[in-house]
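Visitor: Quick one: the structure is below, and I'll ask about it shortly.
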Amino acid sequence: MAPPIQCILSLLSFLLLSTMTIPAVGRQEILGASKLVQRPTASNPWVSELTRIETNGNKAGAVAVSENSTLVATVVEREIRVYGVGSSRLLRTLRGHAGFIKALEFQPGGSKLVSSSALYGCSMEQAVRVWDLDAGAPPNISDDAAKAAVTGASPILLQHWSAEDIESANLREDIAKVILKAQITVDVRNGRAFFGELPSFEARAFSRNGSSLLYLPHRQTVAVADVDTLTERFRLTDNGHTDGVMWAETSPNGTVVATSSWDQTVRIWSMESGKLVHILRGARGQSWAGAFSPNGELVAAGAGDGMVRIWRIDTGELLHTLGNFRGWVRSLSFSPDSRHLAAGAAGGTLKVFNVESGEQELNWQTFAGELLNVQYTFGGDLFFSSTDGSIFGYRASQDSKWEFFEPGSFVGGVKISADGSKLIATVGSSVRIWKIE
1 MAPPIQCILS
11 LLSFLLLSTM
21 TIPAVGRQEI
31 LGASKLVQRP
41 TASNPWVSEL
51 TRIETNGNKA
61 GAVAVSENST
71 LVATVVEREI
81 RVYGVGSSRL
91 LRTLRGHAGF
101 IKALEFQPGG
111 SKLVSSSALY
121 GCSMEQAVRV
131 WDLDAGAPPN
141 ISDDAAKAAV
151 TGASPILLQH
161 WSAEDIESAN
171 LREDIAKVIL
181 KAQITVDVRN
191 GRAFFGELPS
201 FEARAFSRNG
211 SSLLYLPHRQ
221 TVAVADVDTL
231 TERFRLTDNG
241 HTDGVMWAET
251 SPNGTVVATS
261 SWDQTVRIWS
271 MESGKLVHIL
281 RGARGQSWAG
291 AFSPNGELVA
301 AGAGDGMVRI
311 WRIDTGELLH
321 TLGNFRGWVR
331 SLSFSPDSRH
341 LAAGAAGGTL
351 KVFNVESGEQ
361 ELNWQTFAGE
371 LLNVQYTFGG
381 DLFFSSTDGS
391 IFGYRASQDS
401 KWEFFEPGSF
411 VGGVKISADG
421 SKLIATVGSS
431 VRIWKIE
């Protein structure tokens with residue numbers, strides 16, 4: 001059972017990100033470092049749409065793409081749909097969450113998919129499930145049991161209700177939800193799921209080799225689990241956080257875990273023992289999203305004071321305090337060569353910094369809400385999205401910009417394939433896939 005404060009905070013966060021839409025009327029162009037960037041045309045040569053997968057009118061939410069770029073998964077209501085990227089064919093439908101599914105991630109180099117959900121309300125429970133895509137589809141016992149329950153109860157109900165009353169009461173749907181919630185409890189007890197949630201703000205839940213999984217059994221605690229056995233190895237509680245953990249991730253070389261918390265600290269932990277290595281201080285507001293440099297030497301975190309800080313992982317030394325953003329910074333990405341750091345913030349601002357010097361090299365201002373999903377591709381292209389439904393791309397080598405925007409469409413998630421060749425996003429009731437040349 002989640003604490004009441006976590007229930008409230010999760011609900012507010014979901015409502016903020018899912019309902020914040022800025023109309024197209026009066027919308028201004030993105031500004032570059034020193035000039036107005038013109039809106040690209042559909043014939044832009046380096047990004048072109050490959051396919052569009054429809055979800056039959058239901059809004060698509062979180063999205064994930066497999067490491068080999070052959071599978072894409074998305075959330076539609078309370079189910080997960082897995083499609084073939086090449087065929088656009090629906091391959092699997094996974095049901096087993098009783099609440100809103102807010103995160104998905106494919107296992108690197110493996111056949112598993114992890115998902116995280118929450119039930120909103122004063123008795124909110126959060127659950128993490130690991131699905132084996134090579135195994136058969138799990139039985140959908142909640143619907144069958146609910147049907148049997150209504151059938152068995154109908155003779156008694158018909159003594160007091162009409163058949164129309166029974167039909168309009170939606171008994172099957174409500175009973176199915178109760179059974180599904182109970183199924184989660186059974187699965188946790190039998191080692192098939194965890195109570196808790198995945199780290200947020202674009203954090204990688206899996207280690208880079210796919211053997212370990214990070215999840216939050218409590219809002220202030222991160223646990224490390226073995227993916228093959230679904231058993232918990234240890235919890236990061238040695239001089240642990242004193243407020244909610246927003247971001248957690250395993251380093252590229254798999255030796256440490258970094259966590260970012262509202263207690264204004266980033267903490268570095270040993271992946272072997274779970275012991276605390278460093279407490280990284282400096283933030284004067286809640287610490288939000290983080291990012292590792294690809295070379296594994298640095299960690300960065302954005303905070304509510306409008307600043308981004310970069311530390312050395314081995315010594316814990318604070319190298320740079322960057323930014324002066326107008327609001328919190330909740331999306332970060334290092335370039336593949338670890339030489340640049342891009343940061344997206346509230347107020348529609350994105351900045352790119354030189355990691356060695358700390359100098360700001362680009363400053364983009366939009367009028368489209370918060371900038372999220374900041375991601376560099378393997379080839380060095382930069383993509384990010386905004387809360388008004390825009391998706392932006394920038395290729396520094398050509399000083400070329402790309403933008404996608406459909407008025408009134410909600411962008412539920414944005415991902416880049418591991419090889420940097422595809423951009424995948426959920427837009428309204430569809431999954432859109434673009435080729436990056």
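All the letters of the sequence shown, read from the start, carry residue numbers 1 to 437 under the UniProt record's numbering.
Quick reminder that beta carbons are idealized off the backbone N, C-alpha and C, glycines included.
Small disclaimer: the values here were computed from a predicted structure and weren't measured.
1. For a quick check, are the C-beta atoms of G306 and G282 less than 9 Å apart?
2. Quick one: is K112 buried, meaning 16 or more other Cβ sit within 10 Å of its Cβ, or exposed?
3. Extract the residue ranges of the alpha helix (DSSP H) inside the segment 130–216, only unbroken runs of 4 or more that lie entirely within it.
4. Looking at C-alpha atoms only, which residue of V352, F404 and S88 is the closest neighbour of S69?
5. According to DSSP, is D226 helix, strand or coil?
6. Counting only the same chain and skipping the five closest in sequence on each side, list residues whose C-beta sits under 6 Å from that of K435.
7. Can I268 and V299 be called in contact, C-beta distance under 9 Å?
8. What residue from S154, N373, E167 and G358 has the CA that sits closest to T350's CA?
9. When you compare each of G379, T151 and A258 to A223 by their alpha carbons, which one comes out closest?
10. In chain order, what are the residue ranges of uninterrupted beta strand (DSSP E) at least 3 long that sit wholly in the segment 322–373?
11. So what does DSSP say about H241, is it helix, strand or coil?
12. Starting from M307, trace the beta strand (DSSP E) in both directions and tell me its first and last residue.
13. Identify the continuous beta strand (DSSP E) that holds K112 and give its terminal residues.
14. Using the Cα positions of S430 and A60, report the straight-line distance between them to the nearest angstrom.
15. Just to confirm, is the Cβ distance from A225 to R233 under 9 Å?
16. In the DSSP assignment, find the unbroken beta strand (DSSP E) run with T51 in it and report its ends.
17. Can you tell me which of the three DSSP states V82 falls into?
18. Applying the 10 Å Cβ sphere with the 16-neighbour rule, what's the burial state of D388?
19. For a test of the three-state rule: what should DSSP assign to A73, helix, strand or coil?
20. Based on Cα-Cα distance, which residue from F100, A98, H97 and S116 lies nearest to F106?
21. Which same chain residues, not among the five before or five after G86, have their C-beta less than 8 Å away from its C-beta?
22. I want to know whether the segment 412–423 touches the segment 373–387 - three or more CB-CB distances under 8 Å.
23. In angstroms, rounded to a whole number, what distance separates the CA positions of G240 and A193?
24. For S261 versus M246, is the C-beta spacing smaller than 9 Å?
25. Buried or exposed for V186, going by 16 or more other Cβ atoms inside 10 Å?
26. Taking only three categories from DSSP, how would you classify T265?
27. DSSP three-state call for R395: helix, strand or coil?
28. Please list, in chain order, all residues of the same chain as G358 whose beta carbon is under 7 Å from its beta carbon, the five residues on each side excluded.
29. Distance check for A145 and R129, CA to CA, integer angstroms please.
Guide: Taking the structure as given:
1. For the purposes of this step, residue 306 is taken as residue 306 along the sequence shown, with counting starting at 1. For the purposes of this step, residue 282 is taken as residue 282 along the sequence shown, with counting starting at 1. No; because the gap between Cβ atoms is not below 9 Å, this pair is not in contact.
2. Here residue 112 is taken as the residue at index 112 of the sequence shown, counted from 1. It counts as buried.
3. 141–157, 163–168 and 171–189
4. To locate residue 69, count along the sequence shown from 1; it is residue 69. Residue nearest to S69 within the set V352, F404 and S88 is S88 (criterion: CA-CA distance).
5. As a working note, residue 226 is residue 226 in the sequence shown. Three-state DSSP puts D226 in a strand.
6. The residue labelled residue 435 in the question sits at position 435 within the sequence shown. Closer than 6 Å at Cβ, skipping near neighbours: S48 and L50.
7. Residue mapping note: residue 268 aligns to position 268 of the sequence shown, counting from 1. Residue mapping note: residue 299 aligns to position 299 of the sequence shown, counting from 1. Contact: yes.
8. The residue labelled residue 350 in the question sits at position 350 within the sequence shown. Here residue 350 is Leu; the residue named in the question, Thr, does not match the sequence. It is N373 whose Cα lies nearest to the Cα of L350.
9. Locating residue 223 in the sequence shown gives position 223, counting from the first residue. Considering only alpha carbons, the answer is A258.
10. 329–334, 340–345, 349–354 and 360–365
11. Counting from one through the sequence shown, the residue named residue 241 turns up at place 241. DSSP places H241 in coil when its eight states are reduced to three.
12. For the purposes of this step, residue 307 is taken as the residue at position 307 of the sequence shown. Run containing M307: M307 to R312, per the beta strand (DSSP E) assignment.
13. Taking the sequence shown and counting its residues from 1, one reaches residue 112 at position 112. For K112, the enclosing beta strand (DSSP E) has its first and last residue at K112 to A118.
14. As a working note, residue 430 is residue 430 in the sequence shown. As a working note, residue 60 is residue 60 in the sequence shown. Taking the straight line joining both Cα atoms gives about 6 Å.
15. Within the sequence shown, numbered from 1, the residue matching residue 225 stands at position 225. Within the sequence shown, numbered from 1, the residue matching residue 233 stands at position 233. Result yes, Cβ atoms of A225 and R233 sit closer than 9 Å.
16. Position 51 of the sequence shown holds residue 51. Its beta strand (DSSP E) spans residues V47 to E54.
17. As a working mapping, residue 82 is identified with position 82 in the sequence shown. Strand, per DSSP.
18. As a working mapping, residue 388 is identified with position 388 in the sequence shown. Buried: at least 16 other Cβ atoms inside 10 Å.
19. The residue given as residue 73 occupies position 73 in the sequence shown. Reduced to three states, the DSSP call for A73 is strand.
20. What you label residue 106 is simply residue 106 of the sequence shown in a count that begins at 1. Nearest C-alpha to F106: S116.
21. As a working mapping, residue 86 is identified with position 86 in the sequence shown. Within the same chain, G86 has close Cβ partners T70.
22. yes
23. Here residue 240 is taken as the residue at index 240 of the sequence shown, counted from 1. Here residue 193 is taken as the residue at index 193 of the sequence shown, counted from 1. One C-alpha to the other measures close to 24 Å.
24. Taking the sequence shown and counting its residues from 1, one reaches residue 261 at position 261. Taking the sequence shown and counting its residues from 1, one reaches residue 246 at position 246. A contact, by the Cβ cut-off of 9 Å.
25. As a position in the sequence shown, residue 186 is number 186, starting the count at 1. Exposed, because fewer than 16 other Cβ atoms sit within 10 Å of the Cβ of V186.
26. Residue numbering aside, residue 265 sits at position 265 when the sequence shown is read from its first letter. Coil.
27. By 1-based counting over the sequence shown, the position of residue 395 is 395. Reduced to three states, the DSSP call for R395 is strand.
28. Mapped onto the sequence shown, residue 358 falls at position 358. Closer than 7 Å at Cβ, skipping near neighbours: H320 and L322.
29. In the sequence shown, the residue the question calls residue 129 occupies position 129. In the sequence shown, the residue the question calls residue 145 occupies position 145. Going from the Cα of R129 to the Cα of A145 covers about 21 Å.
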